[in-house]
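These notes concern the structure reproduced below.
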Amino acid sequence: MELIKIVSQFSVPEEIQEVAPLGTGLINDTYKVKTLPESAPDYVLQRINHYVFRDVALMQNNIQRVTDHIRKKLKERGETNLERKTLTIIPARDGKLFYFDGENYWRLTLFIKDSQSFEQVTPALANQTGAAFGDFQYMLSDLPGEPLGESIPNFHNMPFRLEELKEAIQKNAAGRLEKVQSIVDELLGRAEDMCKAERLHAEGKLPKRIAHCDTKVNNMLFDREGKFLCVIDLDTTMPGFVLSDFGDFIRTAANTGAEDDEDLSRVGVNMDIFRAFTQGYLQSARAFLTPMEIELLPYGAQLLTYMQTVRFLTDYINGDTYYKTKYPEHNYQRTLAQLTLLHSIDSHMEEMNKFIKEN
Numbered sequence: 001m002e003l004i005k006i007v008s009q010f011s012v013p014e015e016i017q018e019v020a021p022l023g024t025g026l027i028n029d030t031y032k033v034k035t036l037p038e039s040a041p042d043y044v045l046q047r048i049n050h051y052v053f054r055d056v057a058l059m060q061n062n063i064q065r066v067t068d069h070i071r072k073k074l075k076e077r078g079e080t081n082l083e084r085k086t087l088t089i090i091p092a093r094d095g096k097l098f099y100f101d102g103e104n105y106w107r108l109t110l111f112i113k114d115s116q117s118f119e120q121v122t123p124a125l126a127n128q129t130g131a132a133f134g135d136f137q138y139m140l141s142d143l144p145g146e147p148l149g150e151s152i153p154n155f156h157n158m159p160f161r162l163e164e165l166k167e168a169i170q171k172n173a174a175g176r177l178e179k180v181q182s183i184v185d186e187l188l189g190r191a192e193d194m195c196k197a198e199r200l201h202a203e204g205k206l207p208k209r210i211a212h213c214d215t216k217v218n219n220m221l222f223d224r225e226g227k228f229l230c231v232i233d234l235d236t237t238m239p240g241f242v243l244s245d246f247g248d249f250i251r252t253a254a255n256t257g258a259e260d261d262e263d264l265s266r267v268g269v270n271m272d273i274f275r276a277f278t279q280g281y282l283q284s285a286r287a288f289l290t291p292m293e294i295e296l297l298p299y300g301a302q303l304l305t306y307m308q309t310v311r312f313l314t315d316y317i318n319g320d321t322y323y324k325t326k327y328p329e330h331n332y333q334r335t336l337a338q339l340t341l342l343h344s345i346d347s348h349m350e351e352m353n354k355f356i357k358e359n
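Residues in the sequence shown are numbered consecutively from 1, following the working numbering.
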């Protein structure tokens, strides 16, 4: 009944039948809102984690601008059923893009019926995902007006992440530094090269564009026949490097093992997934990318894997204060698994660069 009261604060004309949990998201709490009559649309209600997203108004404004622009672009292409191919934000009764109940922030979007998402990635799905995320960036490459705000400041800022690591090393709050000293030495030894993107940006050679910043296959919806519908989970959509979006997909989807795999022999980069995703991505994105952006795509896979290794290691040294852990050494195992993946990507860089040049 409390959730139904929350929904009633939004501009929903239908009768609310029930509100039930939906999905297993780690950041926001998500619910499906069923309405009557049966032919009426359903909705998705989310309680926004305002400890992660501290400026909810900024984030919601970003999402509204992004979805409005994508809808405009799709309409210009002659696309139909736009309510299935973009997110639709339902405003609160006071006109805001969210509702604050005094303690929590809530938002409501239209539920896209007969849609599905995938967890496992095949080369064919990687190709379609690459084309979708490339097109997502392409459509947003001419978004008018002021730049989007940063919904999580410094989210993919490598110098900032390294400063966090150095601060953790200095404090050594959990007394774990000695155990990971060799990993610390290796990561800090690579720091200058891993800050290359920010340096190139400062020199005016590498642009920041609108990036999704969480390019996973399960952040896309497909219809029941497996045809792509739209990109979802736009909370982190903000200014960033295209190579970050490219690299984060390779880090997550092209890993032959798990992000926290206890058997490091299973961890490595799947080049079939890399090639399929790259072909799809360049097919959609080449039209607006600069030669330097294209050249740096494989470096993006290195960068985002290195960055995640740094973040897991930082949290381990700090005593597991950020990431949820299932056992005491979980962040240490995550660090080892990501470092193993980074080494695998290193060993395939020549092959990756060659593939980029040939495609």
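In this text, a Cβ means the ideal position worked out from N, Cα and C, and glycines have one as well.
Considering only the beta carbon of each residue, do residue i and residue j sit closer than 8 Å?
i    : j    : result
Y43  : V33  : yes
Q181 : Y99  : no
H212 : F133 : yes
I48  : N28  : yes
T236 : F155 : yes
L97  : P91  : yes
K216 : F241 : no
L148 : I210 : yes
A131 : S284 : yes
N318 : A174 : yes
R71  : T86  : yes
K205 : M292 : yes
L234 : I112 : no
Y31  : A20  : yes
F355 : S141 : no
L36  : E14  : yes
L165 : L58  : no
R93  : S11  : yes
Nearest CA to the CA of residue i: which residue from the options?
i    : options                   : result
E192 : K179, K171 and F160       : F160
L187 : L110, R311, K72 and H50   : R311
A126 : Q302, M271, K75 and N331  : M271
I89  : Y323, E350 and N62        : N62
E163 : D315, Y332, G268 and S347 : D315
F53  : N331, I152 and K73        : I152
D346 : K72, L206 and V269        : V269
I6   : E14, A40 and L45          : L45
R77  : M139, Y332 and D214       : M139
V267 : D320, E146, R190 and T305 : T305
I273 : G102, T129 and R93        : T129
S344 : H330, G257 and Y322       : G257
E38  : Q17, Y51 and T67          : Q17
H348 : D320, A301, N331 and P328 : A301
A120 : P328, T325 and N218       : In the sequence as presented, Ala is not what sits at residue 120; that position holds Gln. Measuring from the Cα of Q120, the nearest candidate turns out to be N218.
Q333 : D263, L110, T290 and M194 : D263
G95  : E178, R176, R190 and Q60  : Q60
H50  : R286, D185, D320 and D101 : D101
Assuming residue i and residue j make a contact with CB atoms under 8 Å, what is their CB distance in whole Å?
i    : j    : result
Q137 : D245 : 7 Å
I183 : T335 : 6 Å
L243 : L282 : Not really, about 13 Å apart at Cβ, beyond 8 Å.
L22  : M158 : 34 Å between Cβ atoms; not a contact.
N353 : P298 : 5 Å
P239 : E350 : In fact, because the Cβ distance is near 31 Å, the residues do not count as touching under 8 Å.
With DSSP as the reference, identify every bridge partner of residue i, one or two as the case may be.
i    : result
F100 : Y105
Q116 : F222
R209 : G240
F228 : F222
Q46  : T30 and R107
N255 : V269
I90  : L108
P21  : Y31
F10  : A92
L36  : E15
State yes or no: is the beta carbon of residue i nearer than 8 Å to at least one beta carbon in chain D?
i    : result
S347 : Structure shown: chain D not included; a single protein chain is present.
For the segment 100 to 108 against the segment 197 to 209, do three or more pairs of beta-carbon atoms, one drawn from each stretch, fall closer than 8 Å, so that the two count as touching?
Between the segment 100 to 108 and the segment 197 to 209, the count of C-beta pairs closer than 8 Å stays below three; the two stretches do not touch.
Should the segment 289 to 309 be regarded as contacting the segment 335 to 349, the criterion being three or more beta carbon pairs within less than 8 Å?
Touching, yes.
Quick one: any contact between the segment 272 to 283 and the segment 238 to 253, if contact means 3 or more CB pairs under 8 Å?
Contact between the segment 272 to 283 and the segment 238 to 253 is present, because at least three Cβ pairs lie under 8 Å.
The segment 220 to 236 touching the segment 114 to 124, judged by at least three CB pairs closer than 8 Å:
A contact is defined here as three or more CB-CB pairs under 8 Å, and the segment 220 to 236 meets this definition with respect to the segment 114 to 124.
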